[in-house]
Structure formats: structure tokens, C-alpha cells
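Just below is one structure, and these are the notes that go with it.
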Amino acid sequence: MALVDGMHQLVKAPIVLVRDRLNTHISHAMRELVAEGAWLTVFLLPAYTPDLNPVEEMWAYVKRSLANLAFVALDRLEVLVRNRLKRLQYRPDILDGFMAGTGLALDHRASP
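Each residue of the sequence shown is one higher than the one before, counting from 2 in this note's numbering.
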């Protein structure tokens, strides 16, 4: 929940959240955040379906760009990960590819 809210504060843009039905992902506090956040669109997946989760492919993409790098401090890694994620914002073709790989369509908003 803090990550989603923090990401919204960082990018200052609407967020699309694709989540599974793990109990911590559908907590009372998370339901409140979804209800309050007009900036947040949520799509629900079944309980465990990594092949249907475009975020899994997105993180794999980011991790590949970090392969064979050594970091002397955690803050340096954080800067690089933020940079990689920021670059993805300007690559809708790649983001669309992550979604297309799932076979899912973005045609309706799921209720939390």
C-alpha cells in the first residue's frame, strides 16, 4: 500500500495496479486506498498467476538491465532502478508488450 501511494507521489500521475488476490493485497487498508484514489485503477488477477501478471515481465526486464553490475551501496542501486523505471514510462510500446504477453485485455475496471 505504501509502495503504491509512494509511486503516485513520485510520478504525480495516475497508476494502474494489476494485483492478485493474496490476502495482504486485499486488506481493509488497501480497499480504502482504492476507494479513495481516483488516480488508481485496479485490475484483479486470480490468487496465483505469475504468467498473467505483466509486472513479473516488467521486473524481469529491469533486472536484465542490471545484470553483471556490482553496487557499493544500496542507494546507488535504488537510483539505477528508479532510472530504469522512469525510462519505461516513456516506452509505451514496451509496456504494451508486457500486457500483451499475458493475453489479457484492458477493457473494464475490476472492483476491489
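Ideal Cβ positions, reconstructed from N, Cα and C, are used throughout, including at glycine. Treat the numbers as computed from the prediction; the structure is a model and nothing was measured.
Query - Rounded separation between K13 and L86 - CA only - result: Start at 1 with the first residue of the sequence shown, and residue 13 comes out as number 12. Start at 1 with the first residue of the sequence shown, and residue 86 comes out as number 85. Those two C-alpha atoms are separated by around 14 Å.
Query - Beta-carbon separation (whole angstroms), R22 vs L41, contact threshold 8 Å - result: The residue you call residue 22 lines up with position 21 of the sequence shown. The residue you call residue 41 lines up with position 40 of the sequence shown. That pair is no contact at about 17 Å.
Query raised in the report: Name the DSSP beta bridge partners of I16, please?
Result: Sequence index remark: in the sequence shown, residue 16 carries index 15 (1-based). Looking at the DSSP assignment, I16 forms a beta bridge with L41.
Requested in this report: Tell me where the alpha helix (DSSP H) around P51 begins and ends.
Outcome: The count along the sequence shown starts at 1 and reaches residue 51 at position 50. Element bounds for P51: n/a, residue is neither H nor E.
**Report entry** First and last residue of the uninterrupted alpha helix (DSSP H) at V151
**Finding:** A query on residue 151 cannot be resolved here, the shown segment of the chain reaching from 2 to 113 and no further.
Query raised in the report: Would the region 47-55 and the region 66-79 be scored as touching if the rule is three or more Cβ pairs under 8 Å?
Result: no
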